[in-house]
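Here's the structure we're looking at; comments come further down.
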Amino acid sequence: MLRTASVLVTLFACVAFGGGLLSVGIGDSSVPPEQTARGIVFHDVNGNEMYDAGDRPLPGVRVSDGRRIVATDGNGEYALPVSDDSILFVIKPRGWRTPSNEDNLPQFFYVHKPNGSPASKFPGVPPTGPLPDSVDFPLTPQTEPEQFQAILFGDTQPRNQQEVDWIAHDVIEELIGTDAAFGVTLGDIVFDDLDVMEPLNRTIALLGIPWYNVIGNHDINYDAQTRQVVNETYERVYGPSYYAFDYGPTHFLVLDNIEWTYNSAKGEGAYSGGIGPEQLEFIRTDLEQIPQDQMVVLLMHIPLTDTQDRHGLYRLIEQRPFCISVSGHTHTHEHVWITDKDGWEGPQPHHHIINVTVCGSWWSGAPDERGIPHTTMADGAPNGYSLLSFDGTDYKLDFRAAGRSPDYQMEIDAPDVVTQADLSKQTISVNVFNGSEKSVVELKVGDGEWRRMTKVDVVDPKFQRTF
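So for the sequence shown, the numbering used here puts the first residue at 7; every next one is plus one.
Structure below.
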């Protein structure tokens, strides 16, 4: 998330009246692995999350250490080298479910840090001890249809328990009973205080569906002096900061595009948007095994166009006919089409969605009748969430304003009274929350004709008057 708000308008329209898998090595081969991790991926028939009598090994399931990807053999077995700072994870295949913990966080990983994380303001991973003889991954079958829906939260970003309570009553409450397959928070899960992750997780868990998370720039250990240890608390709570999974016909890649540099002279660090060569190689290796006709969704925090090494990622996805990406960070809701103007070389523009934020603009605004701030984003749209629906390779994004009817999709700014003399000079503005440059917006007054409105990039006048 940005530390200061920027003013952006996604769509602002106005009219003037009158005129078979391989193992591939990734990363620095000069650092030899200390050990080899071995394990089994299996159908957990009795649901006890342990490989025992009656369970069935699963061949062809992919497992990774974030640098390499291997597939289990005919006995469901895999082997991967590990260091003393490794996370192993299974890439969930279609039709299978990983266990979830009491907060409905998918437990698809094993953290191997025998010495634990270095000391930090917010605790990281405690010492995990010696590598187990077998690091196993249980899976249970589930039905995953061609049509399904996921909930997307941009920047929940609570500072404290009070703001967690606002999230509970403003957003979670209305989603209880959802039939969505799973949900994702697109980074800036919290606002620097990493202790708030746990009460927030408990709140979102009330939805009763698996909940994935993306790391954001406010979810890192700000006292870290190296990039290698900036995610320690996140890893303790959520696991690897980048990973992949399948649901239905769709392949999801969760990315970590928060780069961290530390200035020892100043004694402080700074983040920027970046993916890094090791993660890019993981993405390349992963996508080599995904058919070209399969829908691929990239989930990240900082928008793709603000990611420094994005062109390397472009090369990996630009020939795919079915690929979109989603981010948060800017506290706006936008649809961006990436073209050759940004170095894209694909035959068609890439659709990148900057998702609506749960916290609006950091819970600013006057309280409503419930005592919850009536917060808007920097583009004048209300806080909320989105519903991303899939049907094979087709997809649809629905905007939902928190605490409002689903049909609340725009704000119209017009005077209450206009005289005949002033009619030709009057401007009516419409902020279409889920709009884009491809949207068509028309207006008519009384029994007059429908007139097409013109898209302009200006500050929402209602937002400007209010803030």
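All residues carry an ideal CB built from backbone N, CA and C; glycine is no exception.
These figures come from a predicted structure and were not determined experimentally.
Beta carbon of residue i, beta carbon of residue j: below 8 angstroms?
| i | j | result |
| --- | --- | --- |
| Arg165 | Phe115 | no |
| Asp312 | Gly273 | no |
| Ile173 | Thr209 | yes |
| Lys468 | Arg457 | no |
| Ile93 | Val117 | yes |
| Leu137 | Val88 | yes |
| Asp58 | His49 | no |
| Phe396 | Gln148 | no |
| Asp90 | Glu150 | no |
| Tyr253 | Phe188 | yes |
| Trp343 | Glu324 | no |
| Glu55 | Gly409 | no |
| Asp79 | Pro65 | yes |
| Val141 | Gly214 | no |
| His257 | Val302 | yes |
| Asn389 | Glu417 | no |
| Leu86 | Val69 | yes |
| Ile178 | Leu212 | yes |
| Leu322 | Ile289 | yes |
| Ile97 | Phe328 | no |
| Asp466 | Asp385 | yes |
| Ser430 | Asp419 | no |
Quick check on DSSP: helix, strand or coil for residue i?
| i | result |
| --- | --- |
| Gly275 | strand |
| Arg68 | strand |
| Asp463 | coil |
| His175 | helix |
| Phe288 | helix |
| Pro205 | helix |
| Phe396 | strand |
| Gly160 | strand |
| Val451 | coil |
| Ala187 | coil |
| Gln470 | helix |
| Thr336 | coil |
| Ser430 | helix |
| Pro421 | coil |
| Glu180 | helix |
| Asp312 | helix |
| Pro373 | strand |
| Asp404 | strand |
| Pro283 | helix |
| Ile323 | helix |
| Val303 | strand |
| His1 | The question about residue 1 has no answer here: the residues shown for the chain are numbered 7 through 473. |
| Val170 | helix |
| Leu293 | helix |
Within its chain, find whatever has a CB closer than 6 angstroms to the CB of residue i; leave out the 5 residues flanking it on each side and keep chain order.
| i | result |
| --- | --- |
| Gly160 | Leu192, Gly334, Asn361, Val362 and Thr363 |
| Val202 | Pro164 and Val196 |
| Ala387 | His339 and Phe439 |
| Val424 | Gln432 |
| Tyr268 | Gln231 and Gly275 |
| Thr460 | none |
| Val243 | Met203 |
Using a Cβ-Cβ cutoff of less than 7 angstroms, which residues in the same chain neighbour residue i once the five nearest sequence positions on both sides are dropped?
| i | result |
| --- | --- |
| Val484 | Any answer about residue 484 is impossible in this case: the structure gives the chain only from 7 up to 473. |
| Tyr414 | Ala407 |
| Asn263 | Gly279, Gly280, Ile281, Met306, His307, Ile308 and Thr313 |
| Pro246 | Gly72, Ile93, Phe95 and Phe115 |
| Pro205 | Gln167 and Val170 |
| Val30 | Unreliable positioning characterises Val30 in this predicted model, as indicated by a pLDDT of 36, which lies under 50. The coordinate reading is nonetheless provided below. Once the five neighbours on either side are set aside, the close Cβ partners of Val30 are Arg74, Ile75 and Thr291. |
| Gln113 | Thr104, Pro105, Ser106 and Asn107 |
| Pro132 | Gly122 |
| Pro38 | In this prediction, Pro38 has a pLDDT of 45, which is less than 50 and means its spatial position is unreliable; what the coordinates show is noted afterwards. Excluding sequence neighbours, Pro38 sits near nothing in its chain. |
| His175 | Arg376 and Ile378 |
| His317 | Gly349 |
| Val220 | Val190, Thr191, Leu192, Gly193, Val260, Leu305, Met306 and His307 |
| Arg326 | Gln298 and Val302 |
| Leu111 | Asn207, Trp217 and Tyr244 |
State the CB to CB distance for the pair residue i and residue j, rounded to an integer number of angstroms; the pair is presumed to be in contact (CB under 8 angstroms).
| i | j | result |
| --- | --- | --- |
| Tyr249 | Val260 | 5 angstroms |
| Asn5 | Asp199 | Nothing about residue 5 can be read from this structure; the chain reaches only from 7 to 473. |
| Pro255 | Gly398 | 6 angstroms |
| Thr239 | Pro129 | 7 angstroms |
| Leu286 | Leu319 | 7 angstroms |
| Pro63 | Asn52 | In fact, because the Cβ distance is near 15 angstroms, the residues do not count as touching under 8 angstroms. |
Using C-beta distances below 8 angstroms, list every residue in its chain close to residue i, excluding the 5 sequence neighbours before and after it, in chain order.
| i | result |
| --- | --- |
| Leu379 | For the record, residue 379 in the displayed sequence is Pro; it is not Leu. Excluding residues within five positions, the ones whose Cβ falls inside 8 angstroms are Trp172, Gly366, Trp369, Ser370, Gly371, Ala372 and Pro373. |
| Ser270 | Gln231 |
| Leu393 | Gln155, Ala156, Ile157, Leu158, Ala186, Leu403, Asp404 and Arg406 |
For the ligand FAD, is there any heavy atom lying closer than 7 angstroms to the beta carbon of residue i?
| i | result |
| --- | --- |
| Leu213 | The ligand FAD is not part of the structure shown, which contains no ligands of any sort. |
**Message:** Could you tell me which whole beta strand (DSSP E) segments of length 3 or greater appear in the stretch 195–257?
**Reply:** Entirely contained in the stretch 195–257, the beta strand (DSSP E) runs reaching 3 residues are, in chain order, 217–219 and 249–253.
**Prompt:** Residue ranges of each beta strand (DSSP E) run of no fewer than 3 residues wholly in the stretch 70–101, ordered along the chain?
**Reply:** Taken in chain order, the complete beta strand (DSSP E) segments of 3 residues or longer contained in the stretch 70–101 are 75–77, 83–88 and 92–96.
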